[in-house]
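Asks: Chains D and R, in that order, give the protein sequences.
My numbering puts the first residue of the first sequence at 678, with every later residue one more than the last.
My numbering puts the first residue of the second sequence at 440, with every later residue one more than the last.
For reference, the structure I am asking about is given below.
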Amino acid sequence: MARPPTIKGGIDLKTTKKNEPHLRSDYDVVIIGGGNGGLTAGCKLAASGIKPIILEKNNLPGGYASSFIRGRFEFEAALHAMADLGSIENPGSVRKLFDEIGVKTDWAFLPDVYHLIIPEDGMDGVLSTGVDEYIEGVNSLVPGYKEELYRYFALCNEVMEALNYTEAHMDNLNKIYLLKHFPNFVRTIPYTVEEVTEKCFKFPEEILNILYAYWGYLGVPTTTLNFTLWAAMLAMFHDKKAYVPKNRSHDISMSLAERFIELGGRIEYNTPVDKILVSNGAVTGVETSQGDTIMTKHIIANLSPHAAYNKLVYPQSEVPEKARQLCNSREVGISLLSVFLGLDVSYEELGITDYEFFIADTMKRDKRYIFPTKPEVPQRMIVCCLNVAVPEASPPGTCILNLSVTYEAGVWDNVKQEEYVSLKQDLADKMIDKAEKVLGISIRNHIEEIEIATPMTMAYYAGHTKGAVYGYKTTVWDSLIPRNLCIEEEQYIHNLEFVGGFSFRGMGYCSSYVSGGIVADGIVKKLRKKV
Amino acid sequence: MSKKIIVKSKIRDLIAFTKLVSLRRKKIMKASPEKSEEDSFDKVVRTMHPKRMFLKIAEVKDQTESTKTFTLVPDIAKGTKQLATFRPGQYLNIQFVIEDIKISRNYSLSSTPKDASNGLYMVTVRKKEKGFVTSHIFKTWKKGTLVESSGPMGNFVYEPLRDKQNIIAIAGGCGITPIFSLLKDSIEKQDNRFFTILYGVKNSKDIIFKDELSEIAEKFKTKVNLNFVASEPEEQWKGPIGFITAELIEKLSNGIQDKSFFICGPQAMYTFLDKEIEKLSIPHRLVRKELFGEVNDPLDIPGFPLSNVDKIFTVKVHIADEIREVQALGKETVLISLEKAGLAPPSRCRSGECGFCRSKLITGEIFVSNINDGRRIADKKFNWFHPCSSYPLSDLEIRISRAL
């Protein structure tokens, strides 16, 4: 099947290219990208006796779910908290999925959600996971609203249960059943977080300020964020609690990738897909930049529809107008600036008491969601110290600290490469200043390793438009339920299906894993029917 | 089930729900049907992180008897329109095809980011005795030769948030090239960095950038304190002689307090210098060391089994859908054996650091250099290794990726 490789480059590679190794088999399913969604889909398919191949552009699996080494530190690249893992006694969807495909990873439990510090509002408190614990925490900061908070969490739980039901019965969703058993779920689907929270509950501003601090986990302000996803996230967080991998995300990704191979799957690294071959509206195969041609009837794309439709579908005349309209209609989610610090001081000596700090200058309504339009330090920052959760994450007498801020898509558009390095250094400088001031700690004299990742780093590494880390924004019309309801009519190219943070289940590790599982199940069903 | 929630009104909530799909369709219908084109953000990302750069030699300058500086400019015809910016101290991974063998080597950029924005890079190469690649360079590289490389990479960079402005730069041999770039960049930027340079050479003929460095030191006395240290000096040599010891460092740099060390040279120099630096009790964070490509003699690596040097092993290599058997010498890294067999494996730093050559060890034993074991925790757990810093201790079966 393999085409003769194209000769590229300044050197005459003809003589050496001739004998170059290629992928010579065809596969039932080609998975483009070995990120969280692609790896999970791969495991599920391989476990069902289907022959899949994962083509990964980098030389390691996981996409953002990765790690990197500087000096004597191995930094977590992305994950702060895994929300839907759950315990062995109370497993969440990710644990169930991993158990099902036989993936084991070591996790560290996170007792607290976050330590919230809002200097201008005089707010400073640690909030724990678990509904009772969380409400108790809020009550100690703003007393008198326990009952209303319990009512709020009951609604969130209903939404989560309804979503679980919906996902299990996606094939023939009984809307009457939904209305009967989960009426509040149905009623709140068309609204934003603030519409539901503020019209149906009597919370004072101080409580809203604490509650809305969660928005960062979803990257969309509560003014436009859809309530469904928000409620499910809140319920999940407090029911299943939160975890981080002991050996960085690379361990999860490697566990999945190695399990995939054990199950009979094939994964080829350093193999970016150049073309998704399409004929008469259906996929027929892929071509890689290594010169491989693989024929297939099913493609799972663990990448953004933006990239697939604009760059990969070949010929481009096979991209329907509607697909382009879909891309252009959606709002690309946030990207981030992340400062990774390897410090030559333990977290205890440094004076860090909690795993994660949410710092916002203010959460007051009129200033809450003012975002910079240029690359400046935004008012909100997250400080995360891995060693508090995983003491052995770095050598004795050291610790790993991460400072992150988020940016709306487009903010970094006019940065020139000549000013890039000094710009990111300047921003990191200010972020370190802020962390030192707010937390009362001294970071500067302990920096042994420092790496500053920007939206441009993200765009380069994962190939996502604008360096987005959270997929498309989950606003009311583009949240989980409408995406799911339209999934079939939006499959513009037959058998080209999407998984991962840009897909139907929204952003985040859990959703990406679960999306891979759901799409794989669908393909297994289709392929079995044919037999 | 919680108490009934009504957001707007009983009816309006349900209508809003039923209209959700049509709302979505309307939103999509309103959007442009045009293909979105590459914008300025994408262009900057692509320029800064090119998959490959196509370059052309514009000038060749003799530096010493055995050293030349090559000026590289973008090869626009091949698709490189603009050079990627870099940070002084970074290098290019340059690809070669020599006698049908695809191989790569790293060369630190001896020019500055300002030069890059003016469309040129410089690399300074010293011809090694029996050097496979450097002989090729000296034989074939002339004005007009086309060169293919990676984008700039490497972590041997000045980081103002960590490093002190007062820098003690210690170089050996062609390890001066990144330091020369750091120094020139500091002068161009007119910043407050001060450089104490200790450059270990054999004799005065061996000094790369001798005139350039001396001129800078003369002109910028408040910025540079330049010292050449000769190990095999000629009679007329006036400067310090011998190796660069802790004592000499303290003496020439006028105290070591509150200064950052930037060290770049061959492994033999590190083996010696590590002990000297230890005597100075400098915090880890103030010592930056460039892992300067592979170790030429594995016996320089502490713990390397002497008996392995003369052994020859067979490596069964899975690459894409093929299996090849190659011969591997016990004294060479697995990466070099793969390259010699014409397999063109991926590689970048060649020092165990970057993980670009990351491969799966299916069976067999390897020796991993403890001076540059850059493997991630999970890679060790699942038997992945970096061929560029690993030596075979038995026959091996491995899976490698293809080079990008």
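For glycine and all other residues, C-beta sits at the position ideal for the given N, C-alpha and C.
(1) Going by DSSP in three states, R:A497 sits in which element: helix, strand or coil?
(2) Could you check what DSSP says for D:Y991 in three-state terms: helix, strand or coil?
(3) Note down, in chain order, each residue of its chain lying with its Cβ closer than 7 Å to the Cβ of R:F525, except the 5 sequence neighbours on either side.
(4) Please list, in chain order, all residues of the same chain as D:Y1147 whose beta carbon is under 6 Å from its beta carbon, the five residues on each side excluded.
(5) What are the start and end residues of each continuous alpha helix (DSSP H) run of 4 or more residues lying completely inside the segment 568-625 of chain R, in chain order?
(6) Keeping to the same chain, check which residues put their C-beta closer than 7 Å to that of D:K1150; ignore five residues upstream and five downstream.
(7) Quick one: Cα of D:I884 to Cα of D:V815, how far?
(8) Check D:P922 in the structure and name its three-state DSSP category.
(9) Report the three-state DSSP secondary structure of R:R727 (helix, strand or coil).
(10) State the CB to CB distance for the pair R:L531 and R:P513, rounded to an integer number of angstroms; the pair is presumed to be in contact (CB under 8 Å).
(11) When you compare the CB of D:N1079 with every CB in chain R, is at least one pair closer than 8 Å?
(12) Hey, D:N886 and D:D798: beta-carbon distance below 8 Å or not?
(13) How about R:P784 and R:C796: do their beta carbons lie closer than 8 Å?
(14) Give me the chain D residues within the contact set of R:L843, using Cβ-Cβ distance strictly less than 7 Å, ordered along the chain.
(15) Under 8 Å between beta-carbons, which chain R residues line up against D:N1005? List them in chain order, please.
(16) According to DSSP, simplified to helix, strand and coil, what is D:E835?
(17) To the nearest angstrom, report how far apart D:K1202 and D:K721 are at their CA atoms.
(18) Would D:L732 and D:I765 be called neighbours here (beta carbons separated by less than 8 Å)?
(19) Cβ closer than 9 Å: which chain R residues qualify as neighbours of D:M931?
(20) Along the chain, where does the alpha helix (DSSP H) that runs through D:P1132 open and close?
(21) When we look at the beta-carbon of R:K623 and count the other beta-carbons within 10 Å, is it buried (16 or more) or exposed?
(22) Closest Cβ-Cβ distance between R:T486 and chain D: below 8 Å?
(23) Would the C-beta of R:I810 count as close to the ligand NAP, meaning under 7 Å from any of its heavy atoms?
(24) Quick check: the Cα distance between D:V955 and D:V1196, rounded to an integer number of angstroms?
(25) Could you tell me the alpha carbon to alpha carbon distance between R:V748 and R:L777, rounded to whole angstroms?
(26) Between the segment 715-735 of chain D and chain B, which residues of the former have CB atoms less than 7 Å from a CB of the latter, in chain order?
(27) Looking at the structure shown, is D:K1209 part of a helix, part of a strand, or coil, going by DSSP?
(28) DSSP puts D:M800 in a beta bridge; with which residues?
(29) Contact check, D:P796 vs D:D1106 under 8 Å by CB: the rounded distance?
(30) Hey, does R:E717 have any beta-carbon neighbour from chain D nearer than 8 Å?
(31) For a quick check, are the C-beta atoms of D:Y1032 and D:A1066 less than 8 Å apart?
(32) Would R:L730 pass as a contact of R:N811 if the rule is Cβ separation under 8 Å?
(33) At the 8 Å Cβ level, is D:D1198 part of the contact set with chain R, yes or no?
(34) Please report the Cβ distance between D:I953 and D:A984, rounded to the nearest whole angstrom; I am assuming they are in contact, meaning their Cβ atoms lie under 8 Å.
(35) In the segment 719-743 of chain R, which residues sit with their C-beta less than 7 Å from some C-beta in chain D, listed in chain order?
(36) Any beta-carbon of chain D closer than 8 Å to the one on R:T524?
Replies: Reading it off the structure:
(1) The sequence position of residue 497 of chain R within the second sequence is 58, counting from 1. Residue state, collapsed to three classes: strand.
(2) Position 314 of the first sequence holds residue 991 of chain D. Under the three-state reduction of DSSP, D:Y991 is assigned to strand.
(3) To locate residue 525 of chain R, count along the second sequence from 1; it is residue 86. Excluding positions up to five away in sequence, the list reads L548, P552, A555 and P591.
(4) Here residue 1147 of chain D corresponds to residue number 470 of the first sequence, with the count starting at 1. Spatial neighbours of D:Y1147 in its own chain (CB-CB distance under 6 Å, excluding positions within 5 residues in sequence) are listed in chain order as G896, G1010, I1011 and M1184.
(5) Taking 4 residues as the shortest admissible run, the segment 568-625 of chain R contains the following complete alpha helix (DSSP H) segments, listed from N- to C-terminal end: 571-579.
(6) Within the first sequence, numbered from 1, the residue matching residue 1150 of chain D stands at position 473. Excluding sequence neighbours, D:K1150 sits near V897, E1008 and G1010.
(7) Translated into positions along the first sequence, residue 884 of chain D becomes position 207. Translated into positions along the first sequence, residue 815 of chain D becomes position 138. Approximately 7 Å between the Cα atoms of the pair.
(8) If you number the first sequence from 1, residue 922 of chain D lands on position 245. Correct three-state label for D:P922: strand.
(9) The sequence position of residue 727 of chain R within the second sequence is 288, counting from 1. R:R727 falls in the strand class under three-state DSSP.
(10) Residue numbering aside, residue 531 of chain R sits at position 92 when the second sequence is read from its first letter. Residue numbering aside, residue 513 of chain R sits at position 74 when the second sequence is read from its first letter. Contact annotation, R:L531 with R:P513: C-beta distance approximately 13 Å; criterion of less than 8 Å not satisfied.
(11) Here residue 1079 of chain D corresponds to residue number 402 of the first sequence, with the count starting at 1. No, because no Cβ of chain R sits closer than 8 Å to the Cβ of D:N1079.
(12) Looking up residue 886 of chain D in the first sequence gives position 209. Looking up residue 798 of chain D in the first sequence gives position 121. The Cβ atoms of D:N886 and D:D798 lie closer than 8 Å to each other.
(13) Position 345 of the second sequence, counted from the first residue, corresponds to residue 784 of chain R. Position 357 of the second sequence, counted from the first residue, corresponds to residue 796 of chain R. With respect to the 8 Å criterion, R:P784 and R:C796 are classified as neighbours on the basis of their beta carbons.
(14) Position 404 of the second sequence, counted from the first residue, corresponds to residue 843 of chain R. Contact note: R:L843 reaches chain D through N947, using a C-beta cutoff of 7 Å and chain order.
(15) In the first sequence, residue 1005 of chain D corresponds to position 328, counting from 1. Ordered by position in chain R, the residues that pass the 8 Å Cβ test against D:N1005 are A470, S471, P472, E473 and S475.
(16) Translated into the one-based positions of the first sequence, residue 835 of chain D becomes position 158. Note: D:E835 maps to helix in three-state DSSP.
(17) For the purposes of this step, residue 1202 of chain D is taken as residue 525 along the first sequence, with counting starting at 1. For the purposes of this step, residue 721 of chain D is taken as residue 44 along the first sequence, with counting starting at 1. Their Cα atoms are separated by approximately 12 Å.
(18) By one-based count along the first sequence, residue 732 of chain D stands at place 55. By one-based count along the first sequence, residue 765 of chain D stands at place 88. No, the pair does not count as a contact, with Cβ atoms beyond the cut-off.
(19) The residue labelled residue 931 of chain D in the question sits at position 254 within the first sequence. Those are R815, A817, D818, K820, F821 and W823, listed as they occur along chain R.
(20) Residue 1132 of chain D sits at position 455 when you count from the first residue of the first sequence. Unbroken alpha helix (DSSP H) run through D:P1132: P1132 to A1139.
(21) To locate residue 623 of chain R, count along the second sequence from 1; it is residue 184. When all chains shown are included, R:K623 counts as buried.
(22) Taking the first residue of the second sequence as 1, we reach residue 486 of chain R at position 47. Output row for R:T486: interface = yes.
(23) Because no ligand of any kind appears in the structure shown, any question about the ligand NAP cannot be addressed here.
(24) The count along the first sequence starts at 1 and reaches residue 955 of chain D at position 278. The count along the first sequence starts at 1 and reaches residue 1196 of chain D at position 519. Straight through space, the alpha carbons of D:V1196 and D:V955 are spaced by roughly 20 Å.
(25) For this step, residue 748 of chain R is matched to residue 309 along the second sequence. For this step, residue 777 of chain R is matched to residue 338 along the second sequence. Here the alpha carbon of R:V748 sits roughly 17 Å from the alpha carbon of R:L777.
(26) Given the protein chain composition of this structure (D and R), no chain B is represented.
(27) Any answer about residue 1209 of chain D is impossible in this case: the structure gives chain D only from 678 up to 1208.
(28) Here residue 800 of chain D corresponds to residue number 123 of the first sequence, with the count starting at 1. DSSP, once it has assigned bridges, lists D:I795 as partnering D:M800.
(29) Residue 796 of chain D sits at position 119 when you count from the first residue of the first sequence. Residue 1106 of chain D sits at position 429 when you count from the first residue of the first sequence. Rounded to the nearest angstrom, the Cβ distance from D:P796 to D:D1106 is 19 Å, too far for a contact under 8 Å.
(30) Residue numbering aside, residue 717 of chain R sits at position 278 when the second sequence is read from its first letter. Answer no: the Cβ-Cβ gap between R:E717 and chain D never drops below 8 Å.
(31) As a first step, residue 1032 of chain D is located in the first sequence; it is residue number 355 there, counting from the start. As a first step, residue 1066 of chain D is located in the first sequence; it is residue number 389 there, counting from the start. Contact: yes.
(32) Position 291 of the second sequence, counted from the first residue, corresponds to residue 730 of chain R. Position 372 of the second sequence, counted from the first residue, corresponds to residue 811 of chain R. Yes, the pair counts as a contact, with Cβ atoms nearer than the cut-off.
(33) Within the first sequence, numbered from 1, the residue matching residue 1198 of chain D stands at position 521. Taking a beta-carbon distance threshold of 8 Å, D:D1198 does not count as an interface residue toward chain R.
(34) Stepping through the first sequence from its first residue, residue 953 of chain D is reached at position 276. Stepping through the first sequence from its first residue, residue 984 of chain D is reached at position 307. D:I953 to D:A984, Cβ: 10 Å. No contact.
(35) Only P722, H723 and R724 from the segment 719-743 of chain R bring a Cβ to less than 7 Å from some Cβ of chain D.
(36) Within the second sequence, the letter at position 85 stands for residue 524 of chain R. By this cut-off, R:T524 is an interface position.
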